[in-house]
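Numbering (my numbering), first residue to last: 6 to 444.
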């Protein structure tokens with residue numbers, strides 16, 4: 006039986022999972038592939054620590070070049086993360102005519118074009134299923150399963166840490182800071198959670214999805230990015246009263262040849278499937294012009310789900326190698342000469358409904374003053390809630406707007422926040438209503 010050799014760079018959490026999957030499911034993989042996948046070498050800075058999985062010590066090395074320069078190794082798996090030295094290792098492997106599998110969303114979101122073009126030049130492949138959504142097969146779905154569709158929209162909950170925190174705040178109460186601390190204690194959040202809670206990790210993943218969906222290379226700077234650190238229990242409570250839940254969403258929409266690309270806390274209808282996605286789970290909702298709405302759900306991170314996606318890429322590449330069909334599917338599912346630049350719609354120009362919470366003095370005429378300013382900027386009101394609840398001496402007025410242009414809303418809020426009856430900076434949240442529920 007044919008043997009295909011692979012080398013693993015990075016023997017951390019996901020690397021351990023890859024070894025476990027290859028060992029535990031070796032027979033199944035062999036029967037499905039018709040070949041034996043052999044883990045020939047593992048490179049890591051630390052090869053002495055007990056990983057809880059048995060491996061032949063002779064295959065361990067601290068020298069990554071023993072993988073990159075070994076002509077018998079066909080596929081290199083990169084699982085060290087970050088930009089450098091991961092980028093250098095991947096490019097060297099590709100230039101040595103080796104296929105590469107990676108879970109490195111930060112690297113691909115910033116240097117994907119260079120990596121994919123290097124792979125194409127050398128007639129080899131890059132598998133990156135694990136870079137978005139852990140074990141959810143969203144990359145393969147976009148590249149192959151939905152290839153007959155124009156993708157109208159993407160809505161994704163693609164960071165488990167942020168979703169865990171918002172779920173806990175929604176279901177059990179508590180301030181952001183307190184819930185974050187508990188998430189860190191349980192290992193669901195990093196010691197420095199900035200990338201997760203400020204939307205940066207989500208933006209990395211969204212850029213990859215946009216590249217695949219629209220055949221382009223988007224810059225991270227093109228994606229408007231906000232996090233969840235300013236979400237309060239009060240806003241969660243008001244959202245519930247209006248029939249919404251707050252989620253950190255990755256959003257991409259195509260309309261009129263332009264793409265919206267944004268990451269931020271978003272109010273979505275509580276009846277939509279995405280609103281039911283709680284804890285560390287991920288979900289990606291797509292709308293295609295032929296298929297309609299589809300949703301992918303599962304664990305978006307963790308040792309075994311991510312390892313599942315990594316090994317799936319390895320098997321895909323092995324299948325192509327057996328049939329001498331390298332690069333059967335282009336990295337972005339678009340031919341190279343079809344990849345193009347697409348104009349990004351600036352956040353100022355989006356038009357959606359908004360949730361607005363004003364902290365004001367409890368005096369007559371305050372609401373009319375606020376609504377007057379909103380009206381002067383073409384912002385119409387769909388609902389108002391004013392309750393006698395004290396928040397630091399202020400009374401909250403909550404307004405739900407109809408569709409409004411972001412630029413006009415920001416100008417209105419700037420004027421309103423200067424009023425002497427307004428005691429704190431206005432809180433606003435964007436609302437997405439037409440996500441395709443019930444299609």
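Every residue, glycine too, gets a C-beta built ideally from N, C-alpha and C.
These figures come from a predicted structure and were not determined experimentally.
Boundaries (first-last residue) of the beta strand (DSSP E) holding residue i
i: residue 350; result: Premise fails: residue 350 is in no beta strand (DSSP E) and is neither H nor E.
i: residue 386; result: 386–391
i: residue 405; result: 400–406
i: residue 300; result: 297–304
i: residue 247; result: Premise fails: residue 247 is in no beta strand (DSSP E) and is neither H nor E.
i: residue 288; result: 286–293
i: residue 413; result: Unbroken run through residue 413 is the alpha helix (DSSP H), 411–421; no beta strand (DSSP E).
i: residue 364; result: 359–365
i: residue 233; result: No beta strand (DSSP E) contains residue 233, which DSSP labels as neither H nor E.
i: residue 107; result: 104–107
i: residue 44; result: 41–48
i: residue 83; result: 80–83
Burial state of residue i (16 or more Cβ within 10 Å)
i: residue 348; result: exposed
i: residue 443; result: With a pLDDT of 42 at residue 443, under the threshold of 50, the modelled position of that residue is not reliable, and the figure given next carries that caveat. When all chains shown are included, residue 443 counts as exposed.
i: residue 152; result: exposed
i: residue 425; result: exposed
i: residue 223; result: buried
i: residue 251; result: buried
i: residue 177; result: exposed
i: residue 366; result: exposed
i: residue 287; result: buried
i: residue 13; result: buried
i: residue 61; result: exposed
i: residue 285; result: buried
i: residue 168; result: buried
i: residue 182; result: exposed
i: residue 136; result: buried
i: residue 109; result: buried
i: residue 437; result: buried
i: residue 57; result: exposed
i: residue 139; result: buried
i: residue 6; result: exposed
i: residue 351; result: exposed
i: residue 431; result: buried
i: residue 354; result: exposed
i: residue 445; result: No statement about residue 445 is possible, as the shown extent of the chain runs from 6 to 444 and does not include it.
i: residue 117; result: buried
i: residue 77; result: exposed
i: residue 390; result: exposed
i: residue 406; result: buried
i: residue 173; result: buried
i: residue 401; result: buried
i: residue 370; result: exposed
i: residue 16; result: buried
i: residue 93; result: exposed
i: residue 385; result: exposed
i: residue 242; result: exposed
Anticipated Cβ contact below 8 Å, residue i with residue j, distance rounded
i: residue 156; j: residue 291; result: 6 Å
i: residue 43; j: residue 9; result: 7 Å
i: residue 427; j: residue 364; result: 7 Å
i: residue 219; j: residue 264; result: 6 Å
i: residue 414; j: residue 359; result: 6 Å
i: residue 114; j: residue 341; result: Wrong, their Cβ atoms sit about 19 Å apart, outside the cutoff.
i: residue 323; j: residue 40; result: 6 Å
i: residue 95; j: residue 107; result: 6 Å
i: residue 202; j: residue 232; result: 5 Å
i: residue 71; j: residue 48; result: 7 Å
i: residue 272; j: residue 434; result: 5 Å
i: residue 185; j: residue 198; result: 6 Å
First through last residue of the alpha helix (DSSP H) which encompasses residue i
i: residue 332; result: Careful: residue 332 lies outside any alpha helix (DSSP H) and carries neither H nor E.
i: residue 91; result: 91–100
i: residue 117; result: 110–126
i: residue 527; result: An answer regarding residue 527 cannot be provided, because it is not within the stretch 6 to 444 covered by the chain.
i: residue 447; result: Residue 447 cannot be examined here, being either before or after the span of the chain that is shown, 6 to 444.
i: residue 209; result: 205–219
i: residue 187; result: 181–190
i: residue 434; result: Looking at the DSSP string, residue 434 is not in any alpha helix (DSSP H); the run it does join, the beta strand (DSSP E), is 432–436.
i: residue 71; result: 70–73
i: residue 12; result: Not the alpha helix (DSSP H): residue 12 falls in the beta strand (DSSP E), residues 8–14.
i: residue 374; result: 371–381
i: residue 202; result: 199–202
Near the ligand NAD: residue i beta-carbon under 7 Å from a heavy atom
i: residue 249; result: The ligand NAD is absent from the structure shown, which contains no ligand whatsoever.
ask   = Are the stretch 328–341 and the stretch 367–381 touching, with three or more C-beta to C-beta distances below 8 Å?
value = Three or more Cβ pairs closer than 8 Å define a contact, and the stretch 328–341 falls short of that threshold against the stretch 367–381.
query = Touch check for the stretch 126–134 and the stretch 102–115: three-plus C-beta pairs under 8 Å?
reply = Of all C-beta pairs linking the stretch 126–134 to the stretch 102–115, three or more are shorter than 8 Å, placing the two stretches in contact.
ask   = Is the stretch 305–316 in contact with the stretch 19–33, if contact means three or more CB pairs nearer than 8 Å?
value = Judged by Cβ distances under 8 Å, the stretch 305–316 makes contact with the stretch 19–33, as three or more pairs qualify.
message = Under 8 Å: do the stretch 291–301 and the stretch 234–248 share three or more Cβ pairs, one atom per stretch?
response = Segment contact: the stretch 291–301 against the stretch 234–248, fewer than three CB-CB distances shorter than 8 Å; contact not assigned.
message = Which runs of the alpha helix (DSSP H) at least 4 residues long sit entirely within the stretch 138–180? Give them in chain order.
response = The stretch 138–180 contains these whole alpha helix (DSSP H) runs: 165–177.
inquiry  = Three Cβ pairs or more, each shorter than 8 Å: is that satisfied between the stretch 188–198 and the stretch 158–175?
reply    = Counting C-beta pairs closer than 8 Å gives three or more between the stretch 188–198 and the stretch 158–175, which meets the contact rule.
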